[in-house]
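Trainee: Structure incoming, see below.
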Amino acid sequence: MKLGTLEKYNNIVIQMHDNPDADAMGSGYALYVYFKSKGKNVRLIYGGSKKISKSNILLMIKEMDIPVEYVEKLEKPELLITVDCQYGEGNVQYFEAENIAMVDHHNTGRMSGEMAEIRNHIASCSTICFDMLMAEGFDINGNTSVATALYYGLFMDSNELSEISHPLEYDMIDFLQTDKALVNRLTHSNFTLEEMETAGIAMIRYSYDKNKRLSVIKSKPCDPNILGLVGDLVLQVDSIDVCVIFNESPEGYKLSVRSCVPDVAANDMAEFLTEGIGNGGGHIHKAGGFINKNKYIRVYGDMGIESYVFGRLEKYYDSYDVVYARDGIKNITGFELYRKKPYTYGYVKTTDLFHEGTQCKVRTYKGDVYVKASDKTYLIIGYYGEVHCLDREDLEKQYLLKNEKFQGSFEYAPSVRSLIDDMVYELIPYARQCVYREEVRILAKHLENPTKVFSERNEEQYMYGNSDDYICCSYNDRHDIYLVKKEVFEEAYSKM
Ligand SMILES: [Mn+2]
């Protein structure tokens, strides 16, 4: 969905979920300002049984001058846009409307379409609104309140930015010019005394598994940010390596995962705990997730959430094999020989974008890569849009370079920013085609069980594959072990 396409409507109501949080407010306010700037008749509302009472949200409204209205009745608008929630869900009061649009990051099973923008791998709805406003060329930084509101929405939905992982979110943080003093004040009026007590009680009632060095904590309903706070504290305990903390809200269960050991990545565990019933993610040490109550009931009926979490965690620890690349593959039974099909990569000469010597940061779906521009330094764009750096000599040795323009499209287009003046460029328009020279032969096998592979280069972090995927190793080096997703494998390799 594009915001521009909604401009054909004149009477627009933006509705946040009941008892709006910072993310709903940031999203709603940003869209309000956008449609106002287009000369629309627009209102920002929420319904439900109670008016906002949380002090940080009240402060946000006052300081940013957000024209939010609490309504019980609503005259049928031409267009109703729900933000940080989806029309018809339990957490958003029902109002009639001629047309309905939605912007949300919760997983309810609904997909994006002409009137819906749903991206459930994004930490906050504010991030999605940021991206949509940027796509319309809207000057977000021209309005400090809007920039700050969007930032604070992401900040609060990601446990103070600790649970973010998507490059779009890093872009947003880099880009927004916020009122830092206000964010600081908001951060210091976040919890009530009652919530402090809730956090204390949650910690007293921990449960602990000595063998797994795992602690699970169920807290009473409270601000979701309490979860991250308690999780961070609990992880500092000497006998705890992994902590899952969760609580219930009217629409579902919010959870935070913390881990300080390489064999459990917090984001993996959060994904596993919410699989099929919600959404989870983050990075290896800190992650968060949300379980949708309707979906939970559909799948697990009246099973108590505690039994679910414990059962699911038990399954998580039992469910995977571990492969250390340093040990190599000793038994090749079941492995077959494959050849890599020719695949066209993109390559870019760094001095085509920047002056010799410029320090720059390449942002990709798989994290940031730092390089110094020089005539000899080239960037290669891989299968997923990930980028790595090579010098001219190695590039020519390994790849056949062509002059044709490289045409790839990725979920997140890799971009480069100069660290000197902060100029950002997309990489793809500068990229030309290249093909790997050598015939690559590998041994591969369908995984039987979900597997974690620790590569030789980085034993801090593992690759995770489920039983659909393939485990591969280089024909010439049995220590060069990696996992490939089924759909990629079938496209990239053929049996010999
Ligand atoms: Mn949200």
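Using the working numbering, you'd call the opening residue of the sequence shown number 1444 and step up by one each time.
The beta carbon of each residue, even a glycine, is placed where N, CA and C say it ideally should be.
Just so it is clear, the structure is predicted and the values come from calculations on it, not from any experiment.
Between the C-alpha atoms of Thr1525 and Val1546, what's the straight-line distance to the nearest angstrom?
Mentor: Residue numbering aside, residue 1525 sits at position 82 when the sequence shown is read from its first letter. Residue numbering aside, residue 1546 sits at position 103 when the sequence shown is read from its first letter. Answer to the nearest angstrom: the Cα atoms are 6 angstroms apart.
Trainee: In terms of residues, what are the limits of the beta strand (DSSP E) holding Ala1559?
Mentor: Within the sequence shown, numbered from 1, the residue matching residue 1559 stands at position 116. Segment 1559 to 1561, the beta strand (DSSP E) holding Ala1559.
Trainee: Taking C-beta to C-beta, are Lys1895 and Val1685 nearer than 9 angstroms?
Mentor: On the sequence shown, position 452 is the one that residue 1895 refers to. On the sequence shown, position 242 is the one that residue 1685 refers to. Taking 9 angstroms as the Cβ cut-off, Lys1895 and Val1685 do not qualify as a contacting pair.
Trainee: Can you round the beta-carbon distance between Gly1671 and Ser1632 to whole angstroms, since I take them to be within the 8 angstroms contact cut?
Mentor: On the sequence shown, position 228 is the one that residue 1671 refers to. On the sequence shown, position 189 is the one that residue 1632 refers to. Wrong, their Cβ atoms sit about 17 angstroms apart, outside the cutoff.
Trainee: DSSP on Asp1764, reduced to helix/strand/coil?
Mentor: As a working mapping, residue 1764 is identified with position 321 in the sequence shown. Strand, per DSSP.
Trainee: Would a C-beta distance cut-off of 9 angstroms place Leu1474 and Cys1572 closer than the cut-off?
Mentor: The count along the sequence shown starts at 1 and reaches residue 1474 at position 31. The count along the sequence shown starts at 1 and reaches residue 1572 at position 129. Yes, the pair counts as a contact, with Cβ atoms nearer than the cut-off.
Trainee: How big is the Cα-Cα spacing for Thr1801 and Pro1857?
Mentor: Translated into positions along the sequence shown, residue 1801 becomes position 358. Translated into positions along the sequence shown, residue 1857 becomes position 414. Spanning the two alpha carbons is a distance of roughly 18 angstroms.
Trainee: At the level of alpha carbons, what is the spacing between Cys1832 and Ser1470?
Mentor: Against the sequence shown, residue 1832 aligns to sequence position 389. Against the sequence shown, residue 1470 aligns to sequence position 27. Rounded to the nearest angstrom, the two C-alpha atoms are 37 angstroms apart.
Trainee: Taking the C-alpha atoms as reference points, what is the distance between Val1707 and Asp1527?
Mentor: If you number the sequence shown from 1, residue 1707 lands on position 264. If you number the sequence shown from 1, residue 1527 lands on position 84. One C-alpha to the other measures close to 30 angstroms.
Trainee: Starting from Arg1860 and walking both ways along the beta strand (DSSP E), at which residues does that stretch end?
Mentor: Residue numbering aside, residue 1860 sits at position 417 when the sequence shown is read from its first letter. 1858 to 1861 is the extent of the beta strand (DSSP E) around Arg1860.
Trainee: Using 10 angstroms around the beta-carbon of Asp1681, count the other beta-carbons present and answer buried if the total reaches 16, otherwise exposed.
Mentor: Reading the sequence shown from its first residue, position 238 is the one you call residue 1681. Exposed is the call here.
Trainee: What does a CB cutoff of less than 7 angstroms around Met1866 pick up in its chain, not counting 5 residues either side in sequence?
Mentor: Here residue 1866 refers to the residue found at position 423 of the sequence shown. Around Met1866: Arg1860.
Trainee: With contact counted as at least three CB pairs below 8 angstroms, one residue from each stretch, are the region 1715 to 1729 and the region 1528 to 1545 in contact?
Mentor: Flag = no, the region 1715 to 1729 and the region 1528 to 1545 do not touch.
Trainee: Per DSSP, what are the beta-bridge partners of Val1896 in this structure?
Mentor: Locating residue 1896 in the sequence shown gives position 453, where the first residue counts as 1. DSSP lists Val1766, Met1906 as partners of Val1896.
Trainee: Taking its Cβ as the centre, do 16 or more other Cβ atoms sit within 10 Å of Ser1569, making it buried, or is it exposed?
Mentor: Counting from 1 along the sequence shown, the entry for residue 1569 is found at position 126. Classification for Ser1569: buried.
Trainee: Using 10 angstroms around the beta-carbon of His1798, count the other beta-carbons present and answer buried if the total reaches 16, otherwise exposed.
Mentor: As a first step, residue 1798 must be located in the sequence shown, where it is residue number 355. Looking at its Cβ environment, which holds fewer than 16 other Cβ atoms inside 10 Å, His1798 is exposed.
Trainee: Taking the CB atoms as reference points, tell me whether Gln1458 and Tyr1477 lie closer together than 9 angstroms.
Mentor: Taking the first residue of the sequence shown as position 1, residue 1458 is located at position 15. Taking the first residue of the sequence shown as position 1, residue 1477 is located at position 34. Cβ distance not < 9 angstroms, so Gln1458 and Tyr1477 don't count as in contact.
Trainee: Using 9 angstroms as the limit for Cβ to Cβ distance, is Asn1462 near chain B?
Mentor: In summary, chain B is missing from the structure at hand, where a single protein chain is found.
Trainee: Thinking just about the alpha-carbon of each residue, which of Gly1908, His1889, Asp1834 is nearest to the one in Phe1897?
Mentor: Here the question's residue 1897 lines up with position 454 in the sequence shown. Comparing Cα positions, the closest option is Gly1908.
Trainee: Just to confirm before moving on: does the CB-CB distance between Ala1566 and Met1468 stay below 9 angstroms?
Mentor: Within the sequence shown, numbered from 1, the residue matching residue 1566 stands at position 123. Within the sequence shown, numbered from 1, the residue matching residue 1468 stands at position 25. Their beta carbons are not under 9 angstroms apart, which means Ala1566 does not touch Met1468 by this criterion.
Trainee: Could you say if the region 1647 to 1661 and the region 1603 to 1623 meet the contact criterion of at least three C-beta pairs nearer than 8 angstroms?
Mentor: Segments in contact, no.
Trainee: Would you decide whether Val1814 is buried or exposed? Buried here means 16 or more other CB atoms lie within 10 Å of its CB.
Mentor: In the sequence shown, the residue the question calls residue 1814 occupies position 371. Burial call: buried.
Trainee: Going by beta carbon distance, what residues of the same chain come within less than 8 angstroms of Ile1500, once the five residues before and after it are set aside?
Mentor: Locating residue 1500 in the sequence shown gives position 57, counting from the first residue. These residues qualify, in order along the chain: Pro1463, Asp1464, Ala1465, Met1468.
Trainee: With a threshold of 8 angstroms (Cβ to nearest heavy atom), would Ser1567 be considered close to ligand 1?
Mentor: One-based indexing of the sequence shown puts residue 1567 at position 124. For ligand 1, at least one heavy atom lies less than 8 angstroms from the Cβ of Ser1567.
Trainee: Using a Cβ-Cβ cut-off of 6 angstroms (strictly less than) and excluding sequence neighbours within five positions of Asp1764, which residues of its own chain qualify?
Mentor: Counting from 1 along the sequence shown, the entry for residue 1764 is found at position 321. Same-chain partners within the cutoff: Asn1892, Thr1894.
Trainee: Whose C-beta lies closer than 7 angstroms to the C-beta of Leu1721 among residues of the same chain, with five residues either side of it excluded?
Mentor: Counted from its first residue, the sequence shown places residue 1721 at position 278. According to the sequence as given, residue 1721 is Gly; it is not Leu. If we look at Gly1721 and ignore the five residues flanking it on each side, its Cβ neighbours are Asn1550, Gly1695, Gly1732, Phe1733, Ile1734, Asn1735, Lys1738.
Trainee: With DSSP collapsed to three states, give me the class of Tyr1406.
Mentor: Here the chain covers residues 1444 to 1939 and nothing more, so residue 1406 does not appear.
Trainee: Drop a sphere of 10 angstroms on the beta-carbon of Thr1621, count the other beta-carbons inside from all chains shown, and report buried for 16 or more, exposed for fewer.
Mentor: Reading the sequence shown from its first residue, position 178 is the one you call residue 1621. Buried: at least 16 other Cβ atoms inside 10 Å.
Trainee: Under a Cβ-count criterion, where at least 16 other Cβ atoms within 10 Å of its own Cβ denotes burial, should Glu1902 be classed as buried or exposed?
Mentor: Taking the sequence shown and counting its residues from 1, one reaches residue 1902 at position 459. The residue is exposed, with fewer than 16 neighbouring Cβ atoms inside 10 Å.
Trainee: Rounded to a whole number of angstroms, what is the C-alpha to C-alpha distance between Asn1453 and Thr1807?
Mentor: Taking the first residue of the sequence shown as position 1, residue 1453 is located at position 10. Taking the first residue of the sequence shown as position 1, residue 1807 is located at position 364. The straight-line gap from Cα to Cα measures roughly 39 angstroms.
Trainee: What are the complete beta strand (DSSP E) segments, minimum 3 residues, inside the region 1490 to 1565?
Mentor: For the region 1490 to 1565, whole beta strand (DSSP E) runs of length 3 or above, ordered along the chain, are 1511 to 1513, 1522 to 1526, 1542 to 1547, 1559 to 1561.
Trainee: Does Tyr1786 pass the burial test, meaning 16 or more other C-beta atoms within 10 Å, or should it be called exposed?
Mentor: Along the sequence shown, one-based indexing puts residue 1786 at 343. When all chains shown are included, Tyr1786 counts as exposed.
Trainee: If you pair each beta-carbon of the region 1842 to 1851 with each one of the region 1867 to 1884, do three or more pairs fall below 8 angstroms?
Mentor: Yes, since at least three Cβ pairs between the region 1842 to 1851 and the region 1867 to 1884 fall closer than 8 angstroms, the two stretches touch.
Trainee: Confirm, please, whether the CB-CB distance from Val1805 to Leu1862 is below 9 angstroms.
Mentor: Taking the first residue of the sequence shown as position 1, residue 1862 is located at position 419. Taking the first residue of the sequence shown as position 1, residue 1805 is located at position 362. It is not a contact, given that the beta carbons lie outside the stated cut-off.
Trainee: Should Asn1484 be labelled buried (16 or more other beta-carbon atoms within 10 Å of its own) or exposed?
Mentor: As a working mapping, residue 1484 is identified with position 41 in the sequence shown. By the neighbour-count rule (16 or more Cβ atoms within 10 Å), Asn1484 is not buried but exposed.
Trainee: For Ile1955 and Leu1446, what's the separation of their Cα atoms in angstroms?
Mentor: Outside the shown range of the chain, which is 1444 to 1939, sits residue 1955, and nothing can be said about it.
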